[in-house]
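K.L.:
Quick one: this structure, given as structure tokens, is what I'll be asking you about.
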Amino acid sequence: MTTVGEAFDPDRNSLNAIRLLLASAVIVSHSWLVNGLGLPPMVGGTDAGLVAVAGFFGISGYLVTASRLRSSSLPAYLWRRFLRIYPAFLVVLAVTAFVFAPLSTLLDGRSTIDWAGAAAYVLNNAGLFVRQLGVPDTLSNNAYPFVWNLPLWTLFYEAVCYLLIGVLVSVVSERLRGAVVCAMFVVAMSLSLVFLWAPGFLTSPVLESAANLAGFFLAGSLIHLYRDLIPSRAALAIVAALLAAMFAFLGVFSALAALPIAYLLIYLSTVMAPLDRVGRRNDISYGMYIYGFPVQQGLVLLLLLAGWSVPIWLFAALAVVVTVPFAWASWLAVESPALRLKGLVGRQGLGARRLRQAE
Numbered sequence: 008m009t010t011v012g013e014a015f016d017p018d019r020n021s022l023n024a025i026r027l028l029l030a031s032a033v034i035v036s037h038s039w040l041v042n043g044l045g046l047p048p049m050v051g052g053t054d055a056g057l058v059a060v061a062g063f064f065g066i067s068g069y070l071v072t073a074s075r076l077r078s079s080s081l082p083a084y085l086w087r088r089f090l091r092i093y094p095a096f097l098v099v100l101a102v103t104a105f106v107f108a109p110l111s112t113l114l115d116g117r118s119t120i121d122w123a124g125a126a127a128y129v130l131n132n133a134g135l136f137v138r139q140l141g142v143p144d145t146l147s148n149n150a151y152p153f154v155w156n157l158p159l160w161t162l163f164y165e166a167v168c169y170l171l172i173g174v175l176v177s178v179v180s181e182r183l184r185g186a187v188v189c190a191m192f193v194v195a196m197s198l199s200l201v202f203l204w205a206p207g208f209l210t211s212p213v214l215e216s217a218a219n220l221a222g223f224f225l226a227g228s229l230i231h232l233y234r235d236l237i238p239s240r241a242a243l244a245i246v247a248a249l250l251a252a253m254f255a256f257l258g259v260f261s262a263l264a265a266l267p268i269a270y271l272l273i274y275l276s277t278v279m280a281p282l283d284r285v286g287r288r289n290d291i292s293y294g295m296y297i298y299g300f301p302v303q304q305g306l307v308l309l310l311l312l313a314g315w316s317v318p319i320w321l322f323a324a325l326a327v328v329v330t331v332p333f334a335w336a337s338w339l340a341v342e343s344p345a346l347r348l349k350g351l352v353g354r355q356g357l358g359a360r361r362l363r364q365a366e
């Protein structure tokens, strides 16, 4: 029997390609919203964007747990996690506030730019927890006004999951880690069900988001911790896909689909290994995720000024294509240079030749 641990090769898998596909799915799903068409097509309240975010967290749980176990220390691990998401996050805030927003103001025919409001957008969101969605007096004519970068809200919860698994590995013995993560996963799933079936019992959007997203992250972590016991089989992947689809139809995807989604994506990364060259040198998936929404808002504004109306499928395709240069620039100018600094704190543990997706 081949296990997940035997089938998954850190140096040859398609997780970067899968993450690029997931980032593109988020852009596509937001195309309805930014065009004022409401929510995208859904099945039981689940759309492609939700599935993509779930996939991101599931993959992250698997890879980040591996990264922590290979790290020489908690500070070294946290430093690498900081470098992976924060510099590019801060830059996209600044680019949005001081480039995209002023340009949109000029395109709207206004000569006055609220630089103080732009600075507030950066400062209020610099802590990763998004408190200000827009720059004052911008995008007011767009179909989805004022909001510049909706997907950034998930990064705070991603960082919390990084911290959670980092501390857990530091304080819990190897023998008990799997049980503790399993217990945390059950708690997250249970909370998600409470929010779903008894919405009046708890009224905390932050806790609800934390439970939902942590569930997907912890599912990936569990698969990594038990990778040498879990079979890697096409039949199980098919069952996982069917379960995820069933949970979506039943409207309980966020609460119950975490393990099926995480297992399915890890399995696909092994059977689609020939795609391992995608993102090997230049991983633009994170850039696609953080630049997709502002690019879409810019496209909406340009089409509005030109008086053009395009089919939603064409808009979605254009948004993905136009986002690529921004994502590429983010990788080359920000993300890749930042990652070169990871050796400044600690060192990578023995046996970690290159866990490139996590680092």
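Numbering (our numbering) for the sequence shown: 8 to 366. Beta carbons are placed, not taken as given, at the ideal position from N, Cα and C, and that holds for glycine.
Below 6 Å CB to CB, which residues in the same chain sit around L100 once its five sequence neighbours on both sides are set aside?
P.N.:
Taken in chain order, the residues that qualify are V129, N132.
K.L.:
Would V137 and L159 qualify as a contact pair, given that the criterion is a beta-carbon distance under 8 Å?
P.N.:
Going by C-beta atoms, V137 is nearer than 8 Å to L159.
K.L.:
Would you say F153 and L162 are within 8 Å of each other, going by their C-beta atoms?
P.N.:
No, these two residues do not count as a Cβ contact at 8 Å.
K.L.:
How many whole angstroms separate the CB atoms of P301 and W155, which I take to be in contact at a CB cut-off of 8 Å?
P.N.:
Going by Cβ atoms, the distance from P301 to W155 rounds to 5 Å, so yes, they are a contact pair.
K.L.:
Going by beta carbon distance, what residues of the same chain come within less than 8 Å of Y69, once the five residues before and after it are set aside?
P.N.:
Hits under 8 Å: G227, S228, I230, H231, A269, I273.
K.L.:
Residues in the same chain with beta-carbon distance under 7 Å from T10, minus the five sequence neighbours each way, listed in chain order, please.
P.N.:
Taken in chain order, the residues that qualify are R234, D235, L236, I237, P238, S239.
K.L.:
Decide if G350 is buried, meaning its Cβ has at least 16 other Cβ atoms within 10 Å, or exposed.
P.N.:
Flag for G350 reads exposed.
K.L.:
Tell me whether A55 is buried or exposed, calling it buried when 16 or more other Cβ atoms sit within 10 Å of its Cβ.
P.N.:
A55 comes out buried.
K.L.:
What does the Cβ neighbour count give for V328, buried or exposed, with the cut at 16 atoms within 10 Å?
P.N.:
With fewer than 16 Cβ atoms within 10 Å of its Cβ, V328 is classed as exposed.
K.L.:
Determine, using beta carbons only, whether L271 and A248 come nearer to each other than 8 Å.
P.N.:
Closer than 8 Å, so yes.
K.L.:
Quick check: what's the CA-CA separation for A7 versus A104?
P.N.:
This structure cannot settle anything about residue 7, because the visible part of the chain is limited to 8 through 366.
K.L.:
Under 8 Å, with one C-beta from each stretch per pair, do the region 196 to 210 and the region 35 to 49 reach the 3-pair mark?
P.N.:
With a cut-off of 8 Å, the region 35 to 49 and the region 196 to 210 do not count as touching, because too few Cβ pairs lie within range.
K.L.:
Indicate the three-state DSSP secondary structure (helix, strand or coil) for D16 in the structure shown.
P.N.:
If DSSP states are grouped into helix, strand and coil, D16 belongs with the strands.
K.L.:
So, L220 versus Y164, is the Cβ gap smaller than 8 Å?
P.N.:
In contact: L220 and Y164 (Cβ atoms closer than 8 Å).
K.L.:
Taking the beta carbon of F208 as the centre, do at least 16 other beta carbons fall within 10 Å, making it buried, or is it exposed?
P.N.:
So F208 counts as exposed.
K.L.:
Have a look at P82, M191, L146, T119 and flag the residue whose alpha-carbon is nearest the alpha-carbon of F107.
P.N.:
Ranking the options by Cα distance to F107, first place goes to L146.
K.L.:
What residues are listed by DSSP as bridge partners for T53?
P.N.:
Its beta-bridge partners are V50.
K.L.:
Taking 6 Å as the limit between beta carbons, can you name the residues of its chain near L157, skipping five residues before and five after?
P.N.:
Cβ neighbours of L157 beyond the five flanking positions: F300.
K.L.:
Quick test of your reading: A3 and V35, contact by CB under 8 Å. State the CB separation rounded to the nearest angstrom.
P.N.:
Any answer about residue 3 is impossible in this case: the structure gives the chain only from 8 up to 366.
K.L.:
Where does A73 land, buried or exposed, given buried means 16+ other C-beta within 10 angstroms?
P.N.:
With 16 or more other Cβ atoms within 10 Å, it is buried.
K.L.:
State the Cα-Cα distance for the pair V142 and W122, rounded to the nearest angstrom.
P.N.:
Straight-line Cα distance between these residues: approximately 9 Å.
K.L.:
With DSSP collapsed to three states, give me the class of R363.
P.N.:
Low confidence applies to R363: its pLDDT is 46, below 50, so where it sits in the model is not reliable enough to give any reading.
K.L.:
At what residues does the alpha helix (DSSP H) containing P301 begin and finish?
P.N.:
292 to 313 is the span of the alpha helix (DSSP H), which, as asked, contains P301.
K.L.:
Mind checking whether L282 and P267 have CB atoms under 8 Å apart?
P.N.:
Contact: no.
K.L.:
Quick check: the Cα distance between G353 and A127, rounded to an integer number of angstroms?
P.N.:
Distance between the alpha carbons of G353 and A127: 35 Å.
K.L.:
What are the start and end residues of the alpha helix (DSSP H) that includes G207?
P.N.:
From DSSP, G207 is part of no alpha helix (DSSP H); its letter is neither H nor E.
K.L.:
If you drop the 5 nearest sequence neighbours on each side, which residues of the same chain put their C-beta closer than 7 Å to that of Y296?
P.N.:
Only A30, V33, P158 meet the Cβ criterion.
K.L.:
For a quick check, are the C-beta atoms of V413 and R182 less than 8 Å apart?
P.N.:
Missing from the structure shown is residue 413; the chain here goes from 8 to 366 and no further.
K.L.:
So, with DSSP's three-state summary, where would you put P152?
P.N.:
It is coil, neither helix nor strand.
K.L.:
Enumerate, from N- to C-terminal direction, the unbroken beta strand (DSSP E) stretches of 3 or more residues contained entirely within the region 196 to 277.
P.N.:
Qualifying beta strand (DSSP E) stretches: none in this window.
K.L.:
For W320 and W39, I'd like the C-alpha separation in whole angstroms.
P.N.:
Straight-line Cα distance between these residues: approximately 10 Å.
K.L.:
Using a 10 Å radius around the Cβ and a threshold of 16 neighbouring Cβ atoms, would you call L44 buried or exposed?
P.N.:
Flag for L44 reads exposed.
K.L.:
Mapping the DSSP letters down to three states, classify T112 as helix, strand or coil.
P.N.:
It is helical.
K.L.:
Excluding five sequence neighbours on each side, which residues of the same chain lie with their C-beta closer than 8 Å to the C-beta of L275?
P.N.:
Cβ within range, chain order: S21, I25, A244.
K.L.:
Going by DSSP in three states, T145 sits in which element: helix, strand or coil?
P.N.:
Looking at T145 - three-state DSSP - the assignment turns out to be coil, as it is neither helix nor strand.
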